[in-house]
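S.K.:
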Amino acid sequence: MLAYQVSGFDRPAALTETGCPQPGPGEAAVALRACGLNFADLLMMKGSYQDTPEPPFTLGLEAAGVVTALGEGTEGFAVGDRVAVFGGCGGLAEAGVFDAARLIRIPDEMSFEHAAAMQIAYGTSHMALDHCARLQPGETLLVTGAAGGVGLTAVEIGKLMGATVIAQARGQEKLEVAAAAGADHLIDAGEDLRSAVKALGGADVVYDAIGGDVWKAAFRSANPGGRLLPVGFAGGEVPQIPANHLLVKNLTVIGFYLGGYMKFRPEAVRRSFETLFAWHGEGRIKPHISHVLPLEQAGEGLELLRSRKSTGKVVITTGTGS
Numbered sequence: 016m017l018a019y020q021v022s023g024f025d026r027p028a029a030l031t032e033t034g035c036p037q038p039g040p041g042e043a044a045v046a047l048r049a050c051g052l053n054f055a056d057l058l059m060m061k062g063s064y065q066d067t068p069e070p071p072f073t074l075g076l077e078a079a080g081v082v083t084a085l086g087e088g089t090e091g092f093a094v095g096d097r098v099a100v101f102g103g104c105g106g107l108a109e110a111g112v113f114d115a116a117r118l119i120r121i122p123d124e125m126s127f128e129h130a131a132a133m134q135i136a137y138g139t140s141h142m143a144l145d146h147c148a149r150l151q152p153g154e155t156l157l158v159t160g161a162a163g164g165v166g167l168t169a170v171e172i173g174k175l176m177g178a179t180v181i182a183q184a185r186g187q188e189k190l191e192v193a194a195a196a197g198a199d200h201l202i203d204a205g206e207d208l209r210s211a212v213k214a215l216g217g218a219d220v221v222y223d224a225i226g227g228d229v230w231k232a233a234f235r236s237a238n239p240g241g242r243l244l245p246v247g248f249a250g251g252e253v254p255q256i257p258a259n260h261l262l263v264k265n266l267t268v269i270g271f272y273l274g275g276y277m278k279f280r281p282e283a284v285r286r287s288f289e290t291l292f293a294w295h296g297e298g299r300i301k302p303h304i305s306h307v308l309p310l311e312q313a314g315e316g317l318e319l320l321r322s323r324k325s326t327g328k329v330v331i332t333t334g335t336g337s
């Protein structure tokens with residue numbers, strides 16, 4: 016089978032012919048149909064992501080497909096089930112073997128592309144805003160990088176939760192994408208973020224996936240008693256937190272990493288995914304996918320993320336069939 020693999024951190028990832036894996040106890044083999052790309056894939060290629068396996072390994076944190084075989088003692092699924100899987104790696108391939116605890120059954124009406132695109136972006140935003148920050152109706156939510164994979168879902172979920180949403184993104188095209196997702200106020204990345212947010216009354220909750228100077232400005236725009244979520248640092252600079260400002264303004268900074276929750280609170284992640292899939296079925300949320308490319312163009316898809324030429328999600332189709 017074909018898989019897009021990292022053979023070493025000093026070499027570029029490449030499409031590789033490899034053996035078809037077999038499931039062990041508690042595992043399921045899945046014929047993969049689609050895989051969502053994430054910024055973490057780029058970090059894994061360099062060996063700088065916190066959960067990077069030892070090479071060789073297959074990229075692709077989140078995927079969807081059809082169960083083809085079950086290992087001994089594997090319960091809860093049957094051959095032929097349509098499933099989504101947040102495997103942490105292994106999704107950019109024609110097939111994969113995953114811990115069955117990481118699988119979730121998907122509705123017949125949900126496309127594999129949507130299932131592959133929803134887990135990390137929507138799961139991160141839903142868990143961060145609901146479970147961690149306890150965003151309340153009527154509060155103001157600031158989302159930086161609001162047209163990106165996780166940022167756009169934070170805009171959408173923030174509106175569903177009853178917040179007033181301020182979206183920051185670069186350029187008119189990306190701001191229009193954020194507006195279509197429900198943003199109430201738009202701030203271009205070239206503007207003074209702190210001043211613009213303050214003019215709108217400040218932010219009660221900050222959701223930042225950029226880091227660096229954007230984080231600094233967003234931090235200073237938070238209202239007293241505000242909650243801040245540094246969920247990533249796509250700008251390259253890890254957010255720094257001045258503790259004296261936390262004290263003076265009674266701020267709370269909440270670190271959140273979905274992969275970590277999958278290890279110590281997997282039931283919370285599963286409940287979140289089930290809620291999100293139900294919302295999708297009700298038409299309340301719909302993944303924004305700017306590019307769908309075949310497995311042979313996985314490298315081009317990753318370059319779209321690296322160059323920030325995508326909005327929402329980039330999805331790679333890894334097989335055929337329903």
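Mapped onto this note's numbering, the consecutive letters of the sequence shown carry residue numbers 16 to 337. In this text, a Cβ means the ideal position worked out from N, Cα and C, and glycines have one as well.
Is it right to say Gln-151 is buried, meaning 16 or more other beta carbons lie within 10 angstroms of its own, or is it exposed?
M.R.: Along the sequence shown, read from residue 1 onward, the residue named residue 151 stands at position 136. It counts as exposed.
S.K.: The alpha helix (DSSP H) spanning Gln-360 covers which residue range?
M.R.: Any property of residue 360 remains undetermined from this structure, which presents the chain solely from 16 to 337.
S.K.: Is Ser-210 helix, strand or coil by DSSP?
M.R.: One-based indexing of the sequence shown puts residue 210 at position 195. The answer is helix: DSSP assigns Ser-210 an H, G or I state.
S.K.: Between the alpha carbons of Ala-43 and Ala-84, how many angstroms are there, rounded?
M.R.: Here residue 43 refers to the residue found at position 28 when the sequence shown is read from its first residue. Here residue 84 refers to the residue found at position 69 when the sequence shown is read from its first residue. If you take the alpha carbons of Ala-43 and Ala-84, they lie about 6 Å apart.
S.K.: Measuring straight from C-alpha to C-alpha, what distance separates Thr-290 and Lys-301?
M.R.: Sequence index remark: in the sequence shown, residue 290 carries index 275 (1-based). Sequence index remark: in the sequence shown, residue 301 carries index 286 (1-based). Using only the alpha carbons, I get a separation of about 13 Å.
S.K.: Taking Cβ positions, are Glu-154 and Asp-219 nearer each other than 9 Å?
M.R.: Within the sequence shown, the letter at position 139 stands for residue 154. Within the sequence shown, the letter at position 204 stands for residue 219. Taking 9 Å as the Cβ cut-off, Glu-154 and Asp-219 qualify as a contacting pair.
S.K.: Which residue wins for smallest C-alpha separation from Met-59, given the options Val-21, Gly-298 and Ala-79?
M.R.: To locate residue 59, count along the sequence shown from 1; it is residue 44. Closest option to Met-59, Cα to Cα, is Val-21.
S.K.: Specify, as a first and last residue, the run of the alpha helix (DSSP H) that Lys-231 falls within.
M.R.: Within the sequence shown, the letter at position 216 stands for residue 231. Segment 227-235, the alpha helix (DSSP H) holding Lys-231.
S.K.: Can you round the beta-carbon distance between Ala-224 and Gly-197 to whole angstroms, since I take them to be within the 8 Å contact cut?
M.R.: Along the sequence shown, read from residue 1 onward, the residue named residue 224 stands at position 209. Along the sequence shown, read from residue 1 onward, the residue named residue 197 stands at position 182. 18 Å between Cβ atoms; not a contact.
S.K.: Should Phe-288 and Ile-119 be called a contact, given that it needs their Cβ atoms to be closer than 9 Å?
M.R.: Indexing the sequence shown from 1 puts residue 288 at position 273. Indexing the sequence shown from 1 puts residue 119 at position 104. Yes.
S.K.: For Gly-226, count the other beta carbons within 10 Å of its own beta carbon; 16 or more makes it buried, fewer makes it exposed. Which is it?
M.R.: Here residue 226 corresponds to residue number 211 of the sequence shown, with the count starting at 1. Flag for Gly-226 reads buried.
S.K.: Taking the C-alpha atoms as reference points, what is the distance between Arg-117 and Ala-79?
M.R.: Looking up residue 117 in the sequence shown gives position 102. Looking up residue 79 in the sequence shown gives position 64. Rounded to the nearest angstrom, the two C-alpha atoms are 11 Å apart.
S.K.: Tell me which residue opens and which closes the beta strand (DSSP E) that Pro-309 is part of.
M.R.: One-based indexing of the sequence shown puts residue 309 at position 294. Note, Pro-309: beta strand (DSSP E), 304-309.
S.K.: Going along the chain, which unbroken runs of the alpha helix (DSSP H) with 4 or more residues stay wholly within the region 226-287?
M.R.: Listed in chain order, the complete alpha helix (DSSP H) runs (minimum 4 residues) inside the region 226-287 are 227-235, 258-264 and 273-279.
S.K.: So Cys-2 packs on Pro-68, CB below 8 Å; how close in whole Å?
M.R.: What is shown of the chain runs 16 to 337, which leaves residue 2 out entirely.
S.K.: Are the CB atoms of Ala-194 and Val-165 within a distance shorter than 9 Å?
M.R.: Looking up residue 165 in the sequence shown gives position 150. Looking up residue 194 in the sequence shown gives position 179. Not closer than 9 Å, so no.
S.K.: Under DSSP, the beta strand (DSSP E) around Ile-331 begins and ends at which residues?
M.R.: Along the sequence shown, read from residue 1 onward, the residue named residue 331 stands at position 316. Unbroken beta strand (DSSP E) run through Ile-331: 328-332.
S.K.: Given this structure, state the Cα-to-Cα distance separating Ser-210 from Val-221, to the nearest angstrom.
M.R.: Within the sequence shown, the letter at position 195 stands for residue 210. Within the sequence shown, the letter at position 206 stands for residue 221. Rounded to the nearest angstrom, the two C-alpha atoms are 15 Å apart.
S.K.: With 9 Å as the threshold, decide whether the Cβ of Thr-33 is near any Cβ in chain D.
M.R.: The chain inventory of the structure shown lacks chain D, comprising one protein chain alone.
S.K.: In the DSSP assignment, find the alpha helix (DSSP H) that holds Ala-195 and state where it starts and stops.
M.R.: Mapped onto the sequence shown, residue 195 falls at position 180. Residues 187-195.
S.K.: Please identify the residue among Leu-57, Ile-172 and Gly-270 whose C-alpha is closest to the C-alpha of Gly-298.
M.R.: In the sequence shown, counting from the first residue as 1, residue 298 sits at position 283. Selected option, being the one with the closest Cα: Ile-172.
S.K.: Taking only the alpha-carbon atoms, compute the straight-line gap between Glu-109 and Val-82 and give it to the nearest angstrom.
M.R.: Residue numbering aside, residue 109 sits at position 94 when the sequence shown is read from its first letter. Residue numbering aside, residue 82 sits at position 67 when the sequence shown is read from its first letter. Spanning the two alpha carbons is a distance of roughly 12 Å.
S.K.: Report the partner residues of Val-158 according to the DSSP bridge assignment.
M.R.: Mapped onto the sequence shown, residue 158 falls at position 143. Beta-bridge pairing links Val-158 to Ala-182 and Tyr-222.
S.K.: Give me the Cβ distance between Leu-74 and Leu-30, rounded to the nearest whole Å; I'm assuming they're in contact under 8 Å.
M.R.: Counting from one through the sequence shown, the residue named residue 74 turns up at place 59. Counting from one through the sequence shown, the residue named residue 30 turns up at place 15. Not confirmed; about 11 Å, so no contact.
S.K.: DSSP on Glu-318, reduced to helix/strand/coil?
M.R.: Position 303 of the sequence shown, counted from the start, is the residue given in the question as residue 318. Glu-318 falls in the helix class under three-state DSSP.
S.K.: Would you kindly work out how many angstroms separate the C-alpha atoms of Met-133 and Phe-127, rounded to a whole number?
M.R.: Residue numbering aside, residue 133 sits at position 118 when the sequence shown is read from its first letter. Residue numbering aside, residue 127 sits at position 112 when the sequence shown is read from its first letter. Each residue's alpha carbon lies about 10 Å from the other.
S.K.: Terminal residues of the continuous beta strand (DSSP E) containing Thr-31?
M.R.: Here residue 31 corresponds to residue number 16 of the sequence shown, with the count starting at 1. Segment 29-32, the beta strand (DSSP E) holding Thr-31.
S.K.: How is Glu-297 classed by DSSP in three states: helix, strand or coil?
M.R.: Locating residue 297 in the sequence shown gives position 282, counting from the first residue. Residue state, collapsed to three classes: coil.
S.K.: Starting from Gly-51, follow the beta strand (DSSP E) in both directions and report where the run begins and ends.
M.R.: In the sequence shown, residue 51 corresponds to position 36, counting from 1. Gly-51 -> beta strand (DSSP E) spans 42-51.
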